[in-house]
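Trainee:
Residue numbers (the working numbering): 2 to 304.
(1) Taking the alpha carbon of residue 187 as the point to measure from, which residue in 256, 128 and 278 has its own alpha carbon closest?
(2) At a cut of 8 angstroms, does the region 97 to 106 reach the region 268 to 277 through at least three beta carbon pairs?
(3) Can you list, in chain order, the residues of its chain whose CB lies under 7 angstroms from that of residue 86, leaving out five sequence neighbours each side?
(4) If I follow the unbroken beta strand (DSSP E) through residue 54, where does it start and stop?
(5) Where are the beta strand (DSSP E) runs, 3 residues long or more, that stay fully inside the region 37 to 88, in chain order?
(6) Is it true that the region 274 to 285 meets the region 71 to 83, where meeting means three or more beta-carbon pairs spaced less than 8 angstroms apart?
(7) Sort 185, 241, 12 and 94 by Cα distance to residue 156 and report the nearest one.
(8) Pick out the complete beta strand (DSSP E) segments inside the region 84 to 162, 3 residues or longer, and give them in chain order.
(9) So residue 213 and residue 242 are in contact, right, with Cβ under 8 angstroms, and what is the actual spacing, rounded?
(10) Between residue 9 and the rest of its own chain, which residues show a CB-CB distance below 7 angstroms, the 5 nearest in sequence each way excluded?
(11) Take the Cβ of residue 221 as the centre, count every other Cβ of all protein chains shown within 10 Å, and call the residue buried at 16 or more, exposed below.
(12) Looking at the structure shown, is residue 214 part of a helix, part of a strand, or coil, going by DSSP?
(13) Ends of the alpha helix (DSSP H) at residue 278?
(14) Here's a check: name, in chain order, each residue in its chain whose Cβ is nearer than 6 angstroms to the Cβ of residue 179, leaving out the five neighbours to either side.
(15) Does DSSP put residue 221 in a helix, a strand or coil?
(16) Using a Cβ-Cβ cutoff of less than 7 angstroms, which residues in the same chain neighbour residue 148 once the five nearest sequence positions on both sides are dropped?
(17) Considering residue 193, what are the terminal residues of the beta strand (DSSP E) in which it resides?
(18) So who's on the other strand from residue 172, going by DSSP bridges?
(19) Compute the minimum distance between the beta carbon of residue 116 and the heavy atoms of the ligand ZN, and state whether it is under 6 angstroms.
(20) Taking the beta strand (DSSP E) that residue 264 falls in, what are its first and last residues?
(21) Indicate the three-state DSSP secondary structure (helix, strand or coil) for residue 14 in the structure shown.
(22) Which two residues bound the contiguous alpha helix (DSSP H) that contains residue 179?
(23) Pairs of beta-carbons, one from the region 186 to 200 and one from the region 162 to 172, closer than 8 angstroms: are there three or more?
Following this line, the structure appears as structure tokens:
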């Protein structure tokens, strides 16, 4: 099979594809390896007459015109498993950083503007014995819950559906309504996939229901949050702070967020570890090899 890439990637995880033609022009490709930060448009797809598979490097697939793929009978796959632990790891670290003011205090020490060392100076907040509300208790949400439980936190969650009782017991997690989650949580973490139905799932109305002492964590998709409403809520003390890896108008970031000490920002690196990238490449390779062998039941199929 002829395989094209939208983005230059390390070769380590693609070694098992050596029997196929790698790096061909897109116009000749049977398979396109796309990355989550590269838009695969209907125009691109129409310019690839031999295309049979889009093997996306990432769990999200809103970068791909799925309707155009459906119209041609083109399969689309993603890489859900390798992203779980790195993304949960970052969500937990962002939550910890904003609560303990890690980024702010690091910056102030470097600038020479930090309060003097002292018993009552430079205080933050703990995670221990606090309530974490997880919106989207799928694989990443559960991986975050595992870390939070180890830190002594209490877990509530909101999903489209209740989890199995055994899973709830594993994390001591309790299903609540969205309103209940917002009003009772000390930390609210977004860990759900993006669809039009959950665009701006967090806006001014939702933020107003949160505690003034609470923090919003978003490592899912930027469009889950109305950033203008978030800025206003932070400026007015409606919530205590936010930590974000994704942005509504990415790669642009709402300027006010960059000026706030109670906001921690990272540049969409939820899956961004060397180990994670290689694992994602291996997963892409699996999808391609299963496709070539006709073992579609083993693929991570989107459509």
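Where is the CB? At the ideal position from N, CA and C, for every residue including glycine.
Mentor: Reading from the atomic positions:
(1) The option with the nearest alpha carbon to residue 187 is 128.
(2) no
(3) 144
(4) 54 to 58
(5) 54 to 58 and 76 to 78
(6) yes
(7) 185
(8) 132 to 136 and 155 to 159
(9) Not a contact, Cβ separation roughly 11 angstroms.
(10) Within the same chain, no residue comes within 7 angstroms of residue 9 by CB-CB distance, once the 5 residues on both sides are set aside.
(11) buried
(12) coil
(13) 275 to 293
(14) 159
(15) DSSP places residue 221 in the coil class of the three-state scheme, outside both helix and strand.
(16) Take residue 148, set aside five residues on each side of it, and the residues of its chain with a beta-carbon closer than 7 angstroms to its own are 89 and 93, in chain order.
(17) No beta strand (DSSP E) contains residue 193, which DSSP labels as neither H nor E.
(18) None; residue 172 has no bridge partner.
(19) In terms of ligand content, the structure shown is empty, and the ligand ZN therefore cannot be addressed.
(20) 264 to 266
(21) Helix, per DSSP.
(22) In this chain, the alpha helix (DSSP H) harbouring residue 179 covers 179 to 185.
(23) Segments in contact, no.
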